[in-house]
Ligand code: UDX
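In the numbering used here, the protein residues as written are 32 to 465.
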């Protein structure tokens, strides 16, 4: 079986490399030839632990090749994984134009039976559109099937999520497609969940929105904790002891960001509303999340009063640790708000600085990027923590205190122990606990 993976973004490149690692013959394809040129030489365009090594090993073994010739790639493949982007459109719905474009290309190059697998996150019922598009544009009478195999990988642990999945969701409508996908995932037969296509499509949106809801729920509890004597970390721990709830994704803080949760939640709201379903539960989830940075800014103002010309260190720019991705990162909104207030910012992140520089270029007056957390805190009136990179929990606080103008820490991810930092002489503010 020859497998094509179209699109070399986050999901595409990890899928291509992962399937090659399972022992399949894979062609990764993308219309952007410069990208293909780089990846073919083992140059990964994103920071993702373990990905570069795995790509290089499979290039060497010859299990994976890359091409910008989409027509040739489609013709050569028995199974085509569609991993192109489905970005957020103006009304919150997913923009499906890239999926349409690939469907038409597949139609034009249908030279034998093929299974077209949606891997990108798509609205329920997309498979019917893909099917209709291919049927409408195909020039031969060759048969094809559409299937859904949503991807659940998390940035920062994408490679291990793909290689050691806890479930593989497959939506099919024919035996033939079911057999081919079962063969692709032969090593994980015990983890396959096979269902119809609409169900598989909905499982992806339903899972991401549920996790986003869990995060907003604990952040709502954090607001309650701040007005009482309760501690949100303990509330989360106590709740998580109930196996029906589970302890994961109950970390209060600056809220969720990234390329999935915010976009998928909005897309599901739109899907539901278009189908006439009241989606207020998810609208509220989004509203609580959007509030997080404003709430954090109020905390900063309570500590510093006037922000104009205050020097502020911001540690952590990525939307979460172990990635250089800043899409929908709380740090973006915070930087914008702080600049509007006239603050002077010193920014640090182990991986995401280059990306943030594109959005907020360095001017060395209001915005300075530095190479270490210690450089960041030099002479500042406060230290803000936005992403829980491991290195931040191992900082030398004695050194930090000596460098800061005022020893004030405002921790948006609750990574420090309040008693410990206060004992060292810091004024310490965090989320949902005293
Ligand atoms: C998510 C899903 O987990 C994954 O299954 C899907 O395929 C893509 O979307 P990802 O966006 O990479 O993955 O990150 P994830 O680890 O899920 O975190 C998402 C956001 O939620 C981050 O901003 C994180 O900081 C935040 N978060 C997570 C919390 O604020 N609290 C938590 O308890 C967990």
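Backbone N, C-alpha and C define an ideal beta-carbon position, used for all residues, glycine too.
### Task
Answer yes or no: do residue 354 and residue 379 have a C-beta to C-beta separation smaller than 8 Å?
No.
### Query
Where do the ends of the beta strand (DSSP E) carrying residue 525 lie?
The question about residue 525 has no answer, for the chain in this structure spans 32 to 465.
### Query
On the three-pair Cβ rule with 8 Å, is the segment 264-279 touching the segment 336-346?
Because the criterion of three Cβ pairs below 8 Å is not met, the segment 264-279 and the segment 336-346 do not touch.
### Task
Please classify residue 259: is it buried, with 16 or more other beta-carbons within 10 angstroms of its beta-carbon, or exposed?
The residue in question, residue 259, is exposed, as its Cβ has fewer than 16 Cβ neighbours within 10 Å.
### Message
What ranges does the alpha helix (DSSP H) occupy inside the segment 275-333, keeping only unbroken runs of at least 4 residues that lie completely in it?
### Response
Correct list: 292-305.
### Query
Mind checking residue 211: buried by the 16 CB within 10 Å criterion, or exposed?
So residue 211 ends up on the buried side.
#### Entry: Range of the contiguous alpha helix (DSSP H) that encloses residue 370
Judged by DSSP secondary structure, residue 370 falls within the alpha helix (DSSP H) whose first and last residues are 361-371.
### Query
Looking at residue 129 and residue 116, is the spacing between their C-beta atoms short of 8 Å?
Judged by beta-carbon spacing, residue 129 lies within the 8 Å limit of residue 116, meaning their Cβ atoms are closer than that value.
### Task
State whether the segment 278-289 contacts the segment 443-455, with contact taken as three or more CB pairs (one from each stretch) at a distance under 8 Å.
Cβ pair count under 8 Å is three or more, so yes.
#### Entry: Strand pairing of residue 96, partner residues [DSSP]
Bridge partners of residue 96: 58.
### Task
Pull up the distance between the alpha-carbon of residue 469 and that of residue 387, whole angstroms please.
In the structure as shown, the chain starts at 32 and stops at 465, and residue 469 therefore has no counterpart that could be examined.
### Query
Taking buried to mean at least 16 other C-beta atoms within 10 Å of its own C-beta, is residue 367 buried or exposed?
Its Cβ having fewer than 16 others within 10 Å, residue 367 is exposed.
### Query
What does residue 129 pair with, by DSSP beta-bridge criteria?
Answer is none; residue 129 lacks a bridge partner.
### Query
Going by C-alpha distance, which of 80, 428, 73 and 313 is nearest residue 87?
Nearest C-alpha to residue 87: 73.
### Message
For residue 134 and residue 190, I'd like the C-alpha separation in whole angstroms.
### Response
Note on geometry: alpha-carbon atoms of residue 134 and residue 190 lie some 27 Å from one another.
### Segments assigned alpha helix (DSSP H), at least 4 residues, entirely inside the segment 360-438
The alpha helix (DSSP H) runs of length 4 or more contained entirely in the segment 360-438 are, from start to end of the chain, 361-371, 384-390, 404-408 and 428-434.
### Task
Please indicate yes or no: does the CB of residue 183 lie closer than 7 Å to some heavy atom of ligand 3?
This structure lacks ligand 3; the ligands present are ligand 1.
### Query
Which runs of the beta strand (DSSP E) spanning at least 3 residues fall entirely within the segment 169-203, listed in chain order?
Counting only runs that start and end inside the segment 169-203, the beta strand (DSSP E) elements of at least 3 residues fall at 175-179 and 199-202.
### Query
Can you tell me the Cα-Cα spacing of residue 131 and residue 141, whole angstroms?
Roughly 15 Å between the two C-alpha positions.
### Message
I'd like to confirm the pairing. Which residues does DSSP put opposite residue 474 in its beta bridges?
### Response
Outside the shown range of the chain, which is 32 to 465, sits residue 474, and nothing can be said about it.
### Proximal residues to residue 456 (C-beta, below 8 Å), its chain only, five neighbours per side dropped
Short of 8 Å from the beta carbon of residue 456, and not among the five residues preceding or following it, lie these beta carbons of its own chain, in chain order: 432 and 438.
### Message
Let me confirm a value: residue 422 is counted as buried when at least 16 other C-beta atoms fall within 10 Å, else exposed. Which label applies?
### Response
Classification of residue 422: exposed, given that the 10 Å Cβ count is below 16.
### Query
Excluding sequence positions up to five away, which residues of its chain have a Cβ less than 7 Å from the Cβ of residue 420?
For residue 420, where only same-chain residues beyond five positions count, the Cβ hits under 7 Å are 347, 352 and 381.
### Query
Where does residue 145 sit, in a helix, a strand or coil, going by DSSP?
In the structure shown, residue 145 sits in a strand (DSSP, three-state: E or B).
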